[in-house]
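Here the structure comes first, spelled out in structure tokens, and everything after it is commentary.
Chains as they are written, first to last, in the working numbering: chain A, 1 to 157; chain B, 1001 to 1103.
Okay, here's the thing in structure tokens:
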């Protein structure tokens, strides 16, 4: 009996807080994506002509560790019986990736870069939950930022 | 200079020096593991882990750069990162790239 009560309480807590975290996170993601949309990402190893000279390059990265909630784990467990889309995990991974990209863009913007090339993603499950299910995932995004070199004004004699 | 492209604009590669790598294995202390357990009920970001992995990744890059400069390179190109969880308590962060001499 006590076991069932604990389970239901955990499920309710997981659902309440989990949904709240997710909604506020998505709000902040959408807001910041709008803010940072001017900083282009070009998914190419070949440097486009406008950036091939007069630029300095440096590596930028962004990472985040996001945890599932109890409710999501429970739903995913149920899904394992019947198969099909596991929507709670889809949104979790989507949030993690988009947050990683945003952090990378923020780092690039802070140093005045105008474009990021060749972005790579990396995903890792770093903490195992119950019965070896996914507990927390780390998303990493990295790329090369191009920073225009400020040229000194030419003094005419 | 570190880049994950295969060249750096306006510079020429004068010599290739082969693969360089750096890695570090980090584990989390009990307090943080406890917090992670709690967060697994409520969901949300694990700020402690984010910072820990970020620090560890910087160290892996620093080791890679150290190896590159010890063989006389001044840039590492085509850098890749990889993270793997070894046990549930520790993660390995790994960075590798191609060491080159730039003009």
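A virtual CB, placed ideally from N, CA and C, is assigned to each residue, including glycine.
Cα separation between residue i and residue j?
| i | j | result |
| --- | --- | --- |
| residue 1081/B | residue 119/A | 12 Å |
| residue 28/A | residue 96/A | 13 Å |
| residue 1064/B | residue 139/A | 22 Å |
| residue 1021/B | residue 1061/B | 8 Å |
| residue 1002/B | residue 1075/B | 6 Å |
| residue 20/A | residue 112/A | 34 Å |
| residue 1077/B | residue 75/A | 44 Å |
| residue 23/A | residue 1047/B | 18 Å |
| residue 4/A | residue 11/A | 10 Å |
| residue 1024/B | residue 1/A | 46 Å |
| residue 55/A | residue 47/A | 11 Å |
| residue 14/A | residue 1072/B | 54 Å |
| residue 1044/B | residue 1012/B | 46 Å |
Would residue i count as contacting chain B if we go by Cβ distances under 8 Å?
| i | result |
| --- | --- |
| residue 109/A | no |
| residue 89/A | no |
| residue 118/A | yes |
| residue 21/A | yes |
| residue 69/A | yes |
| residue 72/A | yes |
Within 8 Å (strictly less), CB to CB, does residue i reach chain A?
| i | result |
| --- | --- |
| residue 1081/B | yes |
| residue 1096/B | no |
| residue 1050/B | yes |
| residue 1019/B | no |
| residue 1010/B | yes |
| residue 1006/B | yes |
| residue 1044/B | yes |
| residue 1062/B | no |
| residue 1040/B | yes |
Check whether the Cβ atoms of residue i and residue j sit closer than 8 Å, and answer yes or no.
| i | j | result |
| --- | --- | --- |
| residue 1042/B | residue 18/A | yes |
| residue 1014/B | residue 1103/B | yes |
| residue 101/A | residue 145/A | no |
| residue 93/A | residue 42/A | no |
| residue 60/A | residue 108/A | yes |
| residue 114/A | residue 148/A | yes |
| residue 1017/B | residue 1101/B | yes |
| residue 63/A | residue 1009/B | no |
If you follow the alpha helix (DSSP H) that residue i is part of, which residue opens it and which one closes it?
| i | result |
| --- | --- |
| residue 10/A | 2-35 |
Starting from residue i, follow the beta strand (DSSP E) in both directions and report where the run begins and ends.
| i | result |
| --- | --- |
| residue 1099/B | 1090-1102 |
| residue 1078/B | 1075-1087 |
Within the segment 1030-1067 of chain B, note down every full alpha helix (DSSP H) run reaching 4 residues or more, in order along the chain. 1030-1042
What are the complete alpha helix (DSSP H) segments, minimum 4 residues, inside the segment 76-120 of chain A? 87-110
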